[in-house]
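To start, the structure under review is shown below, and the notes come after it.
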Amino acid sequence: MGWFSKQKEMDDPTKAPSRSSRKQCWESRDLFFGCLDKINIINSLDPKHQKAIKASCSAEEAKFEEDCATSWISYFKEKRVVDFKREKFLEEMEKQQK
Amino acid sequence: MKPMVRKTTVVGLKNCYRPLSISAIKCQEAQKDGNGASGAARGKKPLSRIPIGAAETHTQKIDTGSTIEFTTWKAAALFLLLGGGVYYFFKNEKQRLEIEKEAEANRGYGRPLVGGPFSLIDENGEPFTEKDLLGKFSIVYFGFSHCPDICPDELDKLGVWLTELKKRNINLQPVFITCDPARDPPEVLKEYLSEFHPDIIGLTGDYDAIKSACKKYRVYFSTPPNVKPGQDYLVDHSIFFYLMDPEGQFIDALGRNYDEETGVEKIVEHVSAYVPKADREKRKDKWYSFLF
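As structure tokens, this is what we get:
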């Protein structure tokens, strides 16, 4: 990511993330994703959304990236897209069954 | 008619052969009886089905209703008794048999499909092999300590299961095998697992030992190639709980579709339906073995 020259605690390979640090990361993630919901952005990895994210959710994104391990950041961002697509798919399946 | 009667009398007299033991009177009586019988026979239709000399009342006795009624209530009682017994037996056995069948199918024929020998070390650095699974039910899970969300969720669920099962007097041996031996040495696993449930045993080893153990359990995992030292990464892996019986044989795989309650129910079902191998084989010789 490049913004952090110092290694984060979550990235320490010699230590497993603790329950509290996981919780902290998940909370920051939910705040960031809540902000993305407000500006109707699902895929935060898409370059075309970067400007809007910077404008409306930069604080939330910074907190999220600070609290979560580097590998988790992209994982959660990708998961948000996958979860959204799955939910939409299930909704459509249900509609078809009716 | 007249000459016929005379003829019969003549025949009768002629036929009365008298050995020393039979008196003349008896011989005459026998003759009279013979005449009587032939007289009765003459009164019947010429093609009567009743054999000459047979008791005519015999066939009529069979037609009386009393005997049939007697067998009916006896049969009804027998039917109810047997039927009730069989129904009770099947009602009790049906579910247990289904569960057992499922377990039997998962055991496979001969070589087990899931599980097998492995040689790893536990969170205290002590050796742990497949032999340590013997004598108790075990639940095996694969994961890694730097897992973002699924493994911790699943391990929390496992903790709930273990507590609930303990209340029901079922003691499972929970085993966590890491798919990320590079970042999960014994001391890291010990600290990591202590946050979930005190009973969970954490297993690690060198990369080849882990790879081999995962293969035995049909667990797919992939560590990204070219990881630089100190770089953070994720490990893809399959997420199932493997329930193993006290003989170290695979019973069932529990996926994420089992929640805090249904998982407990499923494990309880399997544990109570479990029959040791020796008993299973003994039962194959029994008369009702076709049921299993």
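Top to bottom, those sequences are chains F and A. Residue numbers for the first sequence follow our numbering, beginning at 44 and rising by one. Residue numbers for the second sequence follow our numbering, beginning at 278 and rising by one. Every residue, glycine too, gets a C-beta built ideally from N, C-alpha and C. Computed from a predicted model, the values in this text were never measured in an experiment.
- The DSSP-derived three-state label of H514 (chain A) is strand.
- Chain order gives the chain F residues near P429 (chain A) as R65, where near means a beta carbon separation below 7 Å.
- Chain-ordered, the chain F residues with CB closer than 7 Å to the CB of H423 (chain A) read A59, P60 and A112.
- T406 (chain A) is bridged by DSSP to A:S396.
- For M136 (chain F), no Cβ of chain A is located within less than 9 Å of the residue's own Cβ.
- In the DSSP assignment, L390 (chain A) falls outside any beta strand (DSSP E), carrying neither H nor E.
- Secondary structure note for T481 (chain A): it is in no beta strand (DSSP E), with a DSSP letter that is neither H nor E.
- Uninterrupted beta strand (DSSP E) stretches at least 3 residues long and entirely within the stretch 424-471 of chain A occur at 450-455, given in chain order.
- By the Cβ-count criterion, S71 (chain F) is buried, with 16 or more other Cβ atoms from all chains shown falling within 10 Å of its own Cβ.
- Residue state for G420 (chain A) is assigned as strand, using DSSP reduced to three classes.
- When C-beta distances to chain F are compared with 9 Å, the residues of the stretch 504-517 of chain A below that value are P506, G507, Q508, D509, Y510 and L511, in chain order.
- Within chain F, no residue has its beta carbon less than 7 Å from that of Y497 (chain A); the closest one is some 18 Å off.
- Straight across, the Cα-Cα distance linking F132 (chain F) with Y497 (chain A) is about 27 Å.
- DSSP places L133 (chain F) within a helical segment (H, G or I) once states are collapsed to three.
- In chain F, no part has a C-beta under 9 Å from the C-beta of R560 (chain A); the shortest such distance is about 45 Å.
- If you keep only unbroken beta strand (DSSP E) runs of at least 3 residues inside the stretch 511-559 of chain A, you get 518-521 and 527-531.
- In the three-state reduction of the DSSP assignment, F498 (chain A) falls in the strand class, which pools E and B.
- No residue range can be given for S61 (chain F), since it is assigned to no alpha helix (DSSP H) and is classified by DSSP as neither H nor E.
- For V452 (chain A), no CB of chain F lies under 9 Å from its own CB, so it is not counted at the interface with that chain.
- Note on geometry: alpha-carbon atoms of A354 (chain A) and V552 (chain A) lie some 35 Å from one another.
- Counting only residues of its own chain and dropping the five nearest sequence neighbours on each side, H547 (chain A) has a CB closer than 7 Å to the CB of I376, A380, L520, I528 and D529.
- Three or more pairs of CB atoms, one per stretch, sit closer than 8 Å, so the stretch 414-434 of chain A contacts the stretch 501-513 of chain A.
- Counting only the Cα atoms, S114 (chain F) lies some 22 Å from K91 (chain F).
- Listed by position along chain F, the residues whose Cβ is nearer than 7 Å to that of E472 (chain A) are S61 and R62.
- From the beta-carbon of R460 (chain A), the residues of chain F found nearer than 7 Å are P56.
- Contacts between E468 (chain A) and chain F, judged by CB atoms closer than 7 Å, involve A59 in chain order.
- Of the residues assessed, K120 (chain F) falls on the buried side of the cut-off, its CB having 16 or more other CB atoms within 10 angstroms.
- Between A486 (chain A) and S549 (chain A), the C-beta gap is not smaller than 9 Å, which leaves the two residues out of contact.
- Interface with chain F (9 Å Cβ-Cβ cutoff): V465 (chain A) is included.
- When 8 Å is used as the limit between beta carbons, Q50 (chain F) is near these residues of chain A: G507, in chain order.
- For a cut-off of 8 Å, the C-beta gap from E468 (chain A) to A59 (chain F) is around 6 Å, short enough to register as a contact.
- At least one CB of chain A lies nearer than 9 Å to the CB of F119 (chain F).
- Short of 6 Å from the beta carbon of G402 (chain A), and not among the five residues preceding or following it, lie these beta carbons of its own chain, in chain order: P463.
- Interface criterion not met: the Cβ of D476 (chain A) is under 9 Å from no Cβ in chain F.
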